[in-house]
Structures are given as structure tokens and as C-alpha cells.
Amino acid sequence: MSPKNNLSITTGVDVTTIGYPDATPDNLMIIGVLFNSEVHQGFSDSPHDTHPFDAYYVDAVDADKVKGDLETWVKFNRPRTGFIYLFGLPIKRIFFDTPLLIGKTTVEAEVNRFLQTEKVEFYMDDKLRNTDTQPPYTWVWSDTLIGRHTIKAKAYHSGGITSKTTQEVIAFIF
Numbered sequence: 195m196s197p198k199n200n201l202s203i204t205t206g207v208d209v210t211t212i213g214y215p216d217a218t219p220d221n222l223m224i225i226g227v228l229f230n231s232e233v234h235q236g237f238s239d240s241p242h243d244t245h246p247f248d249a250y251y252v253d254a255v256d257a258d259k260v261k262g263d264l265e266t267w268v269k270f271n272r273p274r275t276g277f278i279y280l281f282g283l284p285i286k287r288i289f290f291d292t293p294l295l296i297g298k299t300t301v302e303a304e305v306n307r308f309l310q311t312e313k314v315e316f317y318m319d320d321k322l323r324n325t326d327t328q329p330p331y332t333w334v335w336s337d338t339l340i341g342r343h344t345i346k347a348k349a350y351h352s353g354g355i356t357s358k359t360t361q362e363v364i365a366f367i368f
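Residue numbers (the working numbering): 195 to 368.
Written out as C-alpha cells, the structure reads:
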């Protein structure tokens, strides 16, 4: 069995409407499972043997990527444009898009959840400030600093792939 040999699948399911809003049709995998026809009785409430069901053994499994590569990206969840962060608490601003940080603030980055991410590095003015290996990827900015600065998040994905994003901020961290 091979999904490459005479496999034709037609579906009208839009995966973005069933809990996968960031899925794209270019990033699909076909997984084929061949079950045998021999029925085996199973029970979902062992050891009482109640709730019977029919079980079938799997004879073969194969998979193939349909097309495309997963999109690599990293973005800031905090701080976001258009907000003031008062000791880490977001307040919507009316004027200016540049985030204003007052007091200790947690910087949080998000990566494409379909990729295996090894780590996210956080930079401030191109100086490494923190490395996080577990989601949510965060850095607590508590060093005293005043003025306009650039923060950067750089994500390292499996296979040596990297992605990065930058954000200008105005900081009054004390």
C-alpha cells in the first residue's frame, strides 16, 4: 500500500472550520490505514466486559506529504502594537501604535504550533536577553531601561530552520 500509487481522495472538509484555524491546504499529509476483515470483540469497560465494540487489526499503514512545507513564523503576543503595558497589564491606547512599557513586563512570543520548535531567543537591541525552550516562550524584562528600543524573537525549528520578528517599543523599565 502506498498513498503515491493510485490514491484519490476527495473531500469537502475545510480544516480551518473544525479547530485548525491556521491550517493551510498546502500543508497536508495523507495517511492510509489498511484494516483486515477479521472482527475481534473488544470491551471499553474492562474488566467488567461491558460496552462491546468490534475491533479490526491494522495490516498496513503509509503516509505521504501532499504538497508544500509548513510556514515558519514567530510573532509577539506581548507586547502588541497599540497597547500600554503598566507593570505587565495591557491597556488599549488611542494614539500611536508603538507599545509603551512601564515597569517590569513579560515579553511573550508564539510560533507555528505545527512545527517542532527547539528554542526561542529574545533580544533587546540585538543583545541576547533570554532563551526559552518550552511554550509559552517568554522573557521577563525587568532590567532598568528608558527609551526607544527594538526587541526581537528568534525561533529555532527542527532541521535548522529559523524565523524571527522584531518590534519597536518605548520602555520605562525601573
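By construction, the Cβ of each residue, glycine as well, lies at the ideal position given by its N, Cα and C atoms.
Owing to the predicted nature of the structure, the values given are computational and were not obtained by experimental measurement.
The beta-carbon distance between Val305 and Phe316, rounded to whole angstroms, is 13 Å. This is too long to meet the 8 Å contact definition. Across the structure, Phe290 and Gly276 are spaced so that their CA atoms are roughly 6 Å apart. Met318 counts as buried, since at least 16 other C-beta atoms from the protein chains shown sit within 10 angstroms of its C-beta. The three-state reading of DSSP puts Ser238 in strand, counting E and B together.
For Gly353, no beta strand (DSSP E) run applies, since DSSP gives it neither H nor E. Boundaries of the beta strand (DSSP E) harbouring Asp326: 321-326, taken from the DSSP string.
Closest option to Gly297, judged by alpha-carbon separation, among Leu283, Gly353, Asn271, Lys346: Leu283. Per DSSP, the continuous beta strand (DSSP E) segment holding Ile296 begins and ends at 294-296.
Straight through space, the alpha carbons of Thr299 and Leu280 are spaced by roughly 8 Å.
By the criterion of a C-beta distance shorter than 8 Å, Lys358 is surrounded in its chain by Val268, Lys346, Ala347, Lys348, Ala349, once the five residues flanking it on both sides are discounted.
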